[in-house]
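Comments concern the structure below.
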Ligand code: ADP
Ligand code: MG
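Structural data, given as structure tokens:
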């Protein structure tokens, strides 16, 4: 198998002779609370489809969300662990998009006033990775496709999440997995999340770009969505760096886009052009 450790992978070594690798991770982490973030339905896995639901997490007209205090407590616990600054005022925002697993047509998340700003995490090497912000939000339901029929299970709809947005301070695939492992061990040991990666309770989006060595200006990034294993994050980033290198060396340009990772083919693939904040029509 191909070596993915950048110190041993000759292809990555070749990239690093001319370019810097820049990686910023966004980690979604499901909060280990008994009930959902804005309603009293159970946050529980493995029950009959659509059994842990209510008018709020289904987005029925007139339903009003009531914030689960324990979700706030867990976000604050994360803030203390990452030396993130707890904000005296924090605002939820509607992020509008249309998808069957999102019954309201918007996700309740945070935008310009997240609950915590800044912070840091140190890798075993002593390298500091900055944290941009920590925000509270709700999870979506789950689409299940069987043949030509699709089903939606809303049991996960409205389960509390924190999103930990890291600064683009990571510079190799293995640093990315070290960062994830450290964060994972923090959330599990602090009781913030069960960290179950197979169920997607701890998942990362990897933003990846390359830039000429030493350049101050960051290159265009691609965002690889929902990678839920330490090994896959290294493989996905490795593939993505080499893809961007080949593209740029051939005189092309990297376009901002959202990509997926195919763990069987060991490659990333284009999903859609990257949405911008405008596309989501955020409002408080
Ligand atoms: P979006 O919602 O568009 O994904 P966010 O601000 O939530 O934007 O997240 C941006 C993420 O991308 C952060 O983790 C940040 O570190 C990372 N990032 C920003 N610019 C770059 C870049 N040029 N290369 C790699 N990562 C980047
Ligand atoms: Mg993102």
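In the numbering used here, the protein residues as written are 14 to 297.
In this text, a Cβ means the ideal position worked out from N, Cα and C, and glycines have one as well.
> Any idea which residues DSSP pairs residue 200 with across the strands?
Replying inline: In the DSSP output, where bridge partners are listed per residue, residue 200 has none listed.
> Over what stretch of residues does the alpha helix (DSSP H) that includes residue 90 continue unbroken?
Replying inline: 82 to 94
>> Please return the same chain residues whose Cβ sits closer than 8 Å to the Cβ of residue 118, not counting the five positions on each side in sequence.
In response: 72, 109, 110, 111
> What does a CB cutoff of less than 8 Å around residue 200 pick up in its chain, not counting 5 residues either side in sequence?
Replying inline: 42, 91, 206, 208, 215
> Between the Cα of residue 212 and the Cα atoms of 225, 192, 154, which residue gives the shortest distance?
Replying inline: 154
> Between 177, 184, 183, which lies nearest to residue 298 when the distance is taken from Cα to Cα?
Replying inline: The chain is shown from 14 up to 297; residue 298 falls before or after that span and cannot be answered.
> To the nearest angstrom, how far is it from the Cα of residue 126 to the Cα of residue 219?
Replying inline: 23 Å
> Considering only residues of the same chain and omitting the five flanking positions on each side of residue 14, which have a CB-CB separation below 7 Å?
Replying inline: Confidence at residue 14 is low in this model, with a pLDDT of 44, below 50, so its placement is unreliable and no value can be given for it.
>> Considering only heavy atoms of ligand 1, does any lie closer than 7 Å to the CB of residue 180?
In response: yes
>> Once DSSP output is grouped into helix, strand and coil, what is the label at residue 286?
In response: strand
> Which whole-angstrom value is the C-beta distance of residue 132 and residue 144, which I expect to be below 8 Å?
Replying inline: 3 Å
> Would you say the stretch 52 to 64 touches the stretch 274 to 286, given that touching needs at least three Cβ pairs under 8 Å?
Replying inline: no
> Is any heavy atom in ligand 1 found nearer than 7 Å to the beta carbon of residue 234?
Replying inline: yes
> Between the C-alpha atoms of residue 95 and residue 134, what's the straight-line distance to the nearest angstrom?
Replying inline: 6 Å
> Hey, would you say residue 51 sits closer than 8 Å to residue 81, going by beta carbons?
Replying inline: yes
> How do the stretch 230 to 245 and the stretch 154 to 170 stand: do at least 3 beta-carbon pairs fall below 8 Å, yes or no?
Replying inline: no
> residue 89: beta carbon under 7 Å from a heavy atom of ligand 1?
Replying inline: no
>> If you reduce the DSSP assignment to three classes, tell me which class residue 215 lands in.
In response: strand
> DSSP beta-bridge partners for residue 156?
Replying inline: 165
>> Just to confirm, is the Cβ distance from residue 97 to residue 149 under 8 Å?
In response: no
> What is the DSSP secondary structure of residue 98, counted as helix, strand or coil?
Replying inline: strand
> Rounded to the nearest angstrom, how far is the Cβ of residue 179 from that of residue 192, given a contact under 8 Å?
Replying inline: 7 Å
>> Between which two residues does the beta strand (DSSP E) holding residue 32 run?
In response: 32 to 43
> Under a Cβ-count criterion, where at least 16 other Cβ atoms within 10 Å of its own Cβ denotes burial, should residue 69 be classed as buried or exposed?
Replying inline: buried
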